[in-house]
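Under the numbering used here, residues 31 to 358 are what the sequence shown spells out, in order.
Heads up, the thing below is written out as structure tokens.
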Amino acid sequence: MVAAMDQLNAPDADAVVIGGSLAGLQAALTLGRACRRVVVIDDGRPRNAPAAHVHNFLGQHGSTPAALLEAGRAALGDYDVALERDRVVRIEHAPVGDRLHVTSRDGRVWQTRAVVLATGLVDELPDVPGVPELWGRDVVACPHCHGWEVRGEPLAQLSLRGMPQRGVDRALLLSRWSSEVVLLTDGDELDAAQRERLHAAGVAVQTQRVRRLVSHDGRLRSIEFADGTPLPVRAVFVVTRQRQQTYLAQQLGCRHTEAGTAAGAVETDSAGRTSVPGVWATGTTTVPALLAIGAAGHASSVAVAIHNDLLEQDLATAAAQSRSARPQ
Ligand SMILES: Cc1cc2nc3c(=O)[nH]c(=O)nc-3n(C[C@H](O)[C@H](O)[C@H](O)COP(=O)(O)OP(=O)(O)OC[C@H]3O[C@@H](n4cnc5c(N)ncnc54)[C@H](O)[C@@H]3O)c2cc1C
Numbered sequence: 031m032v033a034a035m036d037q038l039n040a041p042d043a044d045a046v047v048i049g050g051s052l053a054g055l056q057a058a059l060t061l062g063r064a065c066r067r068v069v070v071i072d073d074g075r076p077r078n079a080p081a082a083h084v085h086n087f088l089g090q091h092g093s094t095p096a097a098l099l100e101a102g103r104a105a106l107g108d109y110d111v112a113l114e115r116d117r118v119v120r121i122e123h124a125p126v127g128d129r130l131h132v133t134s135r136d137g138r139v140w141q142t143r144a145v146v147l148a149t150g151l152v153d154e155l156p157d158v159p160g161v162p163e164l165w166g167r168d169v170v171a172c173p174h175c176h177g178w179e180v181r182g183e184p185l186a187q188l189s190l191r192g193m194p195q196r197g198v199d200r201a202l203l204l205s206r207w208s209s210e211v212v213l214l215t216d217g218d219e220l221d222a223a224q225r226e227r228l229h230a231a232g233v234a235v236q237t238q239r240v241r242r243l244v245s246h247d248g249r250l251r252s253i254e255f256a257d258g259t260p261l262p263v264r265a266v267f268v269v270t271r272q273r274q275q276t277y278l279a280q281q282l283g284c285r286h287t288e289a290g291t292a293a294g295a296v297e298t299d300s301a302g303r304t305s306v307p308g309v310w311a312t313g314t315t316t317v318p319a320l321l322a323i324g325a326a327g328h329a330s331s332v333a334v335a336i337h338n339d340l341l342e343q344d345l346a347t348a349a350a351q352s353r354s355a356r357p358q
């Protein structure tokens with residue numbers, strides 16, 4: 031259903047950014063500094079929220095995820111950027127013209143020339159008791175984010191059941207942070223080539239099913255295997271299945287990446303345009319592997335491209351107005 035004009039609760043925005051985490055806030059900053067009117071709508075579920083700290087972010091290393099976003103929001107105060115806490119439930123093209131209407135769960139509607147999807151991903155955790163409680167602390171996914179803090183310690187890489195190669199690749203990566211890495215295949219068998227590479231990298235292999243992670247006072251103590259054997263480790267790295275945090279791109283009919291490590295991501299051209307006119311995507315919505323600073327950097331580039339696109343629209347409108355104002 032297309033929003034009625036009288037439902038519109040704000041003047042036309044040059045861009046409505048959906049998702050106000052690292053990518054969304056940076057997109058808003060770049061557009062705001064380009065004198066654009068921007069609305070950011072966010073429902074407060076950034077992917078790294080369970081983590082104690084953000085690492086590998088120049089100038090912000092060790093900040094909490096919440097503090098980093100709070101600093102980002104504060105930086106927007108000088109510009110024509112409105113921050114809204116709400117969830118977007120629908121985006122559609124206006125019946126006439128090139129505007130898009132963005133509708134929130136609270137029933138508010140914004141009209142804009144550009145929608146920026148910065149809605150991020152959700153991690154589906156391995157189905158092992160103890161993993162959810164420790165997620166973001168002693169159970170993590172990315173060595174580039176959390177490897178340094180546990181370097182040189184006994185570490186485990188938990189594979190995804192049925193997809194042992196993913197675990198092998200991750201364990202090989204992790205072996206550069208510690209010489210005491212064990213790959214837990216959780217019941218999957220490995221072939222000779224996989225074992226040889228792991229052996230060369232000094233990674234031990236345990237193929238038993240994992241029964242649970244044992245913790246005390248919120249800290250990981252050990253892994254418990256199906257036969258009850260414990261294995262004390264400092265941290266467990268896991269492989270997660272990722273999916274888009276919203277169905278908005280699907281609802282709009284945006285093309286998605288079909289295969290490979292970015293499968294399920296919203297497909298864009300190199301500037302950030304999706305297959306739907308007026309709709310852009312940035313951050314992990316479109317490049318799932320981005321670290322936090324990468325998501326922000328990507329968003330800055332996409333915002334520059336949006337600004338240039340809006341400039342062309344401005345010029346075309348001005349030229350049309352000037353033609354129609356000219357005496358015949
Ligand atoms: C546990 C964990 C720890 C991590 N630690 C690090 C680290 O130390 N260093 C590092 O570089 N990277 C880290 N990462 C990766 C980092 O979290 C991502 O790179 C970063 O969050 C990507 O930012 P984003 O803006 O693309 O998406 P997100 O941070 O996921 O933000 C998406 C935002 O969109 C909002 N949203 C979604 N749908 C809607 C909707 N329909 N309406 C309104 N709002 C919506 C969400 O609420 C959310 O705020 C970590 C990831 C995890 C899972």
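Every residue gets a Cβ at the ideal spot worked out from N, C-alpha and C, and that includes glycine.
Just to confirm, is the Cβ distance from residue i to residue j under 8 Å?
{"i": "Ala112", "j": "Ala329", "result": "no"}
{"i": "Leu52", "j": "Ala105", "result": "no"}
{"i": "Ile336", "j": "Ala101", "result": "no"}
{"i": "Val269", "j": "Arg206", "result": "no"}
{"i": "Ser189", "j": "Leu213", "result": "yes"}
{"i": "Ile48", "j": "Ala148", "result": "yes"}
{"i": "Arg271", "j": "Glu154", "result": "yes"}
{"i": "His85", "j": "Trp178", "result": "yes"}
{"i": "Asp168", "j": "Arg249", "result": "yes"}
{"i": "Gly192", "j": "Pro76", "result": "no"}
{"i": "Gly160", "j": "Pro80", "result": "no"}
{"i": "Leu340", "j": "Arg66", "result": "yes"}
{"i": "Thr304", "j": "Thr298", "result": "yes"}
{"i": "Gln224", "j": "Val198", "result": "yes"}
{"i": "Val211", "j": "Gln236", "result": "no"}
From what residue to what residue does the alpha helix (DSSP H) around residue i run?
{"i": "Leu228", "result": "222-230"}
{"i": "Arg196", "result": "194-204"}
{"i": "Val334", "result": "322-355"}
{"i": "Ala58", "result": "52-62"}
{"i": "Val161", "result": "161-164"}
{"i": "Leu155", "result": "From DSSP, Leu155 is part of no alpha helix (DSSP H); its letter is neither H nor E."}
{"i": "Pro262", "result": "Per DSSP, Pro262 belongs to no alpha helix (DSSP H); it is in the beta strand (DSSP E), 260-262."}
{"i": "His85", "result": "Looking at the DSSP string, His85 is not in any alpha helix (DSSP H), and its letter there is neither H nor E."}
For residue i, is the beta carbon positioned less than 7 Å from some heavy atom of ligand 1?
{"i": "Phe87", "result": "yes"}
{"i": "Cys284", "result": "no"}
{"i": "Gly137", "result": "no"}
{"i": "Arg67", "result": "no"}
{"i": "Arg181", "result": "no"}
{"i": "Gly74", "result": "yes"}
{"i": "Ser245", "result": "no"}
{"i": "Val84", "result": "yes"}
{"i": "Ser51", "result": "yes"}
{"i": "Thr298", "result": "no"}
{"i": "Ile71", "result": "yes"}
{"i": "Pro80", "result": "yes"}
{"i": "Ala96", "result": "no"}
{"i": "Asp278", "result": "The identity of residue 278 in the sequence shown is Leu, whereas the question assumes Asp. For ligand 1, at least one heavy atom lies less than 7 Å from the Cβ of Leu278."}
{"i": "Asp257", "result": "no"}
List the whole-angstrom C-beta distance separating residue i from residue j, where the pair is believed to meet the contact cut-off of C-beta under 8 Å.
{"i": "Phe255", "j": "Val240", "result": "6 Å"}
{"i": "Val68", "j": "Asp110", "result": "7 Å"}
{"i": "Ala325", "j": "Gly308", "result": "Incorrect: roughly 22 Å between the Cβ atoms, too far for contact."}
{"i": "Ile71", "j": "Asp116", "result": "5 Å"}
{"i": "Leu228", "j": "Leu202", "result": "7 Å"}
{"i": "Glu183", "j": "Arg264", "result": "4 Å"}
{"i": "Thr142", "j": "Ala43", "result": "4 Å"}
{"i": "Gly283", "j": "Val306", "result": "6 Å"}
Comparing C-alpha positions only, which one of the options sits nearest to residue i?
{"i": "Arg360", "options": "Ser93, Thr304, Leu204", "result": "Here the chain has residues from 31 to 358 only, and residue 360 is not among them."}
{"i": "Leu99", "options": "Gln236, Gly217, Arg353, Ala322", "result": "Ala322"}
{"i": "Leu278", "options": "Ala311, Asp247, Glu288", "result": "Ala311"}
{"i": "Leu185", "options": "Phe267, Pro76, Met193, Glu342", "result": "Phe267"}
{"i": "Cys175", "options": "Gln238, Gly50, Glu183, Gly92", "result": "Gly92"}
{"i": "Arg273", "options": "Ala289, Gly294, Gly258, Pro260", "result": "Gly294"}
{"i": "Gln343", "options": "Trp165, Gln90, Asp128, Ala333", "result": "Asp128"}
{"i": "Val152", "options": "Leu55, Gln275, Ser134", "result": "Gln275"}
{"i": "Ser134", "options": "Thr94, Thr237, Ala292, Val118", "result": "Val118"}
{"i": "Asp257", "options": "Gln280, Ala222, Arg225, Asp216", "result": "Asp216"}
{"i": "Arg120", "options": "Val126, Gln351, His131", "result": "His131"}
{"i": "Ala82", "options": "Asp73, Leu88, Ala222, Thr94", "result": "Thr94"}
{"i": "Arg63", "options": "Ala349, Pro357, Ala333, Arg303", "result": "Ala333"}
{"i": "Pro260", "options": "His246, Arg242, Asp247", "result": "Arg242"}
State the start and end residues of the unbroken beta strand (DSSP E) segment that holds residue i.
{"i": "Pro95", "result": "No beta strand (DSSP E) contains Pro95, which is instead part of the alpha helix (DSSP H) from 95-105."}
{"i": "Gln236", "result": "233-236"}
{"i": "Ala186", "result": "185-188"}
{"i": "Leu278", "result": "Here Leu278 belongs to no beta strand (DSSP E); instead the alpha helix (DSSP H) covers 278-282."}
{"i": "His176", "result": "Careful: His176 lies outside any beta strand (DSSP E), inside the alpha helix (DSSP H) at 173-176."}
{"i": "His246", "result": "240-246"}
{"i": "Thr133", "result": "130-134"}
{"i": "Trp140", "result": "139-147"}
{"i": "Asp299", "result": "Segment: none, Asp299 is in no beta strand (DSSP E) and carries neither H nor E."}
Just to confirm, does residue i get its C-beta within under 7 Å of one of the non-hydrogen atoms of ligand 2?
{"i": "His176", "result": "Among the ligands in the structure shown, ligand 2 does not appear; only ligand 1 can be found there."}
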